[in-house]
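First comes the structure, then the notes that go with it.
Numbering (the numbering used here), first residue to last: 47 to 590.
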């Protein structure tokens, strides 16, 4: 589909899920992409850490894609660029801090020389074909969170990105109510809006209040204190730097991603009064009451600093009476991994503090009062909820209509909508899906490799090898087992499986192709009888 004299909207990620945000706007034969993010693997994707959006729709139309504009530097908005941007072959546009994060990612992948990265000042509009874009700063948990004002020949879009309202942001500024009202005064066709916290009846709160809460918790602690938070939450890092001073503690940072954020933030003019940090050895030599550690891993990531500290395999240690503060929210799906780390820490006698015990975290996304304010300022003709699961987006559509927004479109990934001219209308469906980064290889998320791995994880695997001479068994069948629950009866099971293989050769040894299937089924039947499971069976036949 090529956009004609109209304004089209299409999400390739982030609508119907939280994460992996990719949005397309189309007009006058051209497309503009906003954000290109990732999401993270879970138990449905064994061995996978990173999940990428399938961009097949726009890859089939590369001559019509003009560029990618980035709202801010969180992984779910920029994380796919190192893997996908070079093949798209279009320039990127980002503000200085976001550009610094992107540049570091591209350099790590060794493709920075293949991608044009344009650094855009937050002030003033810039043109990309028929699109005129202006950044509108909004508060978030990372510097330079921005909405995009996208002017097209067929109407203006206010694309919020991730945002909240904060009268006292610790890093950077945000557009005032008057500035946002002025945008609305010029007329806004569509508000494309973050839905993450639509069920929250209260505003998210200010980072300044978190400083007060952390001061109280850390000031009362007598031992060593470790705070874990999202590495990209540079505003929280600034708060923790201030809290370290407030409580008379030396600051120690553990985690490569934290080091990267601090480096880029300082290079772009943020964290200027951030205290000097101490190294791991110094932190362990200081009296425990003089140390504040900031570490990655609050979502239960097995290779992150917090998990290694909890297990005792890190230079940094925590002991009985020390305090670990979880200054972040639990991402749905991570509860088990987080709980495991918490239990390991609790078993050491460590005191655990979460946002349920103290005011140690605020979200970077808007609650209902903040959404209502944005509707009042922007006054769109249409609301398009994004950045949420289906329930979040439907709820925001209902809430916006109740607040006087005239129309709502609850779209999901792959649905192509014409926003103008005329009434909004669904035109069709685009190919959407997921890719996985498996080592250094990008694969379909539901392709043969991952499906095979799921089967192995669920059912285990058997290997059977036989030698055949003139249609008869030559030697003893060899059977190997992995991940099939026959621990107590392993030797007996292997004997019976080998007998079943020998009987299969006696039955169908003269037809190698027929024998292959007969062997597979015979050995699997033995496994099913022993375990109730149907493992994957690999067959090797050698003719001698």
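Every residue gets a Cβ at the ideal spot worked out from N, C-alpha and C, and that includes glycine.
Bear in mind that the values here come from a model prediction, so they are computed numbers and not experimental data.
query: Which residues mark the beginning and the end of the beta strand (DSSP E) in which residue 69 is found?
result: For residue 69, the uninterrupted beta strand (DSSP E) run begins and ends at 68-73, by DSSP.
Residue 507: first and last residue of the uninterrupted beta strand (DSSP E) it sits in: Element bounds for residue 507: 507-515.
task: Could you tell me the boundaries of the alpha helix (DSSP H) in which residue 151 lies?
output: Start and end: 142-155.
query: Between residue 271 and residue 371, which are expected to be in contact by the criterion C-beta below 8 Å, what is the C-beta distance as a whole number of angstroms?
result: Confirmed, about 7 Å.
query: Where residue 592 and residue 500 are concerned, what is the direct C-alpha to C-alpha distance, given to the nearest angstrom?
result: Here the chain covers residues 47 to 590 and nothing more, so residue 592 does not appear.
- prompt: So, helix, strand or coil for residue 205, using DSSP?
  reply: strand
field: Cβ-based burial, residue 116 [other Cβ within 10 Å; buried from 16]
entry: Per the 10 Å Cβ criterion, buried.
field: Helix, strand or coil at residue 176 [DSSP, three-state]
entry: Coil at residue 176, not helix or strand.
field: Contact set for residue 229: own chain, Cβ-Cβ below 7 Å, skip 5 residues either direction
entry: 182, 195, 204, 424
task: In the DSSP assignment, find the unbroken beta strand (DSSP E) run with residue 105 in it and report its ends.
output: First-last for residue 105: 102-105, but that is the alpha helix (DSSP H), not the beta strand (DSSP E).
- request: For residue 393, count neighbouring Cβ atoms within 10 angstroms of its own Cβ and tell me buried if that reaches 16, exposed if not.
  value: exposed
message: For residue 240, list the residues DSSP reports as bridge partners.
response: Residue pairing by DSSP places residue 240 opposite 432 in a beta bridge.
message: Let me check understanding here. Comparing Cα to Cα, which of 66, 58, 62, 73 lies closest to residue 465?
response: The candidate whose alpha carbon is nearest that of residue 465 is 73.
query: Measuring CA to CA, which of 409, 373, 382 is closest to residue 398?
result: Proximity to residue 398 across 409, 373, 382 peaks at 373, based on C-alpha coordinates.
message: Going by DSSP in three states, residue 479 sits in which element: helix, strand or coil?
response: coil
query: Considering residue 541, what are the terminal residues of the alpha helix (DSSP H) in which it resides?
result: 536-554
- request: Determine the extent of the alpha helix (DSSP H) in which residue 128 is found, giving its start and end residues.
  value: 127-134
- request: Starting from the C-beta of residue 291, find all residues in its chain whose C-beta is less than 8 Å away, skip the five residues before and the five after it, and write them out in chain order.
  value: 321
- request: Please state if the CB of residue 414 and the CB of residue 142 are separated by a distance shorter than 8 Å.
  value: Contact: no.
- request: Return the bridge partner residues of residue 82 from the DSSP annotation.
  value: DSSP, once it has assigned bridges, lists no residue as partnering residue 82.
field: Residues of its chain near residue 369, where Cβ-Cβ distance is below 6 Å and the 5 sequence neighbours each way are ignored
entry: Excluding positions up to five away in sequence, the list reads 267, 271, 397.
- prompt: Using a Cβ-Cβ cut-off of 6 Å (strictly less than) and excluding sequence neighbours within five positions of residue 327, which residues of its own chain qualify?
  reply: none
Nearest-angstrom Cα separation, counted from residue 180 out to residue 168: Approximately 8 Å, taken between the alpha carbons.
- prompt: Can you find at least 3 beta carbon pairs, one from the segment 218-225 and one from the segment 380-394, that sit closer than 8 Å?
  reply: no
- prompt: From residue 255 to residue 405, what does the alpha carbon distance come to, in whole angstroms?
  reply: The straight-line gap from Cα to Cα measures roughly 8 Å.
task: Taking only the alpha-carbon atoms, compute the straight-line gap between residue 96 and residue 191 and give it to the nearest angstrom.
output: 23 Å
query: Just to confirm, are residue 136 and residue 112 a CB contact at a threshold of 8 Å?
result: yes
message: In chain order, what are the residue ranges of uninterrupted beta strand (DSSP E) at least 3 long that sit wholly in the segment 234-278?
response: 234-240, 271-274
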